[in-house]
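Peer 1: Residues in the sequence shown are numbered from 43 upward in steps of one, following this note's numbering.
Next up is a structure, given as structure tokens.
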Amino acid sequence: MKIINLLIIILFNFIGAYLSYQWCYRMIIAKHRTPELYYLICYGLCYFCFILISIFLLNKIKQPMDLVICGVLIGIIITLLSPIVFMLVMEDINKSVFNLDFIMGLLGITSLVTLNFIIYPAILLCCHYSIGGIQKISSKLALKQ
């Protein structure tokens, strides 16, 4: 049962990543001809974190409304952290230029553009109800035997 739950979490996170990436591709990459590698690194980092956090949240939180609240907050925070991590690790920038006003502006724009603050709570709810449905079906099948 744990393997099935893990596969459901990974499946819905990949679907969410695809939807978010397609939205971002239409809004930014195709219009402004920005390098696609940067977005792939950002999305890989975001959704790897989302998968790990989803596993933890779905085991600890059982109420759908609590999942939505946590999902919105985590969707914003993880999305906002990815560009910062990318700039700190990958880019050769002057660290003194790296100020709080720049970070906050970049984070707000990134979060709004990727729509992860909407997609991630939906992923959590889909996983929650799918796992609950599979558990009900398997318990009914176990009672029949």
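We put the CB at the ideal spot given by N, CA and C, even for glycine.
Enumerate in chain order the residues of its own chain whose CB-to-CB distance from Leu157 is below 7 Å, with the five nearest sequence positions on each side excluded.
Peer 2: Looking up residue 157 in the sequence shown gives position 115. Excluding sequence neighbours, Leu157 sits near Ser62 and Trp65.
Peer 1: Going by CA-CA distance only, name the one from Tyr85, Leu99, Leu115 and Ile120 that's closest to Tyr60.
Peer 2: On the sequence shown, position 18 is the one that residue 60 refers to. Here the closest residue by C-alpha is Tyr85.
Peer 1: Tell me whether Asn55 is buried or exposed, calling it buried when 16 or more other Cβ atoms sit within 10 Å of its Cβ.
Peer 2: Indexing the sequence shown from 1 puts residue 55 at position 13. Flag for Asn55 reads buried.
Peer 1: Could you work out which residue in Lys182, Leu183 and Ile97 is closest to Cys169 when comparing CA atoms only?
Peer 2: Here residue 169 is taken as the residue at index 127 of the sequence shown, counted from 1. It is Ile97.
Peer 1: Ordered along the chain, which non-local residues of its own chain (more than five positions away) have a Cβ less than 8 Å from that of Leu48?
Peer 2: The count along the sequence shown starts at 1 and reaches residue 48 at position 6. Answer for Leu48: Ile97, listed in chain order.
Peer 1: Look up Lys104 in the DSSP assignment and say whether it is helix, strand or coil.
Peer 2: By 1-based counting over the sequence shown, the position of residue 104 is 62. Note: Lys104 maps to coil in three-state DSSP.
Peer 1: So what's Leu167 in DSSP terms, helix, strand or just coil?
Peer 2: Locating residue 167 in the sequence shown gives position 125, where the first residue counts as 1. In the structure shown, Leu167 sits in a helix (DSSP, three-state: H, G or I).
Peer 1: Expressed to the nearest angstrom, what Euclidean distance is found between the alpha-carbon atoms of Ser180 and Ser172?
Peer 2: The count along the sequence shown starts at 1 and reaches residue 180 at position 138. The count along the sequence shown starts at 1 and reaches residue 172 at position 130. In this structure, the CA atom of Ser180 is about 12 Å from the CA atom of Ser172.
Peer 1: Where does Gln187 fall in DSSP's three states?
Peer 2: Start at 1 with the first residue of the sequence shown, and residue 187 comes out as number 145. Three-state DSSP puts Gln187 in coil, outside helix and strand.
Peer 1: Which of the three DSSP states is assigned to Leu82 in this structure?
Peer 2: Numbered from its first residue, the sequence shown carries residue 82 at position 40. Leu82 falls in the helix class under three-state DSSP.
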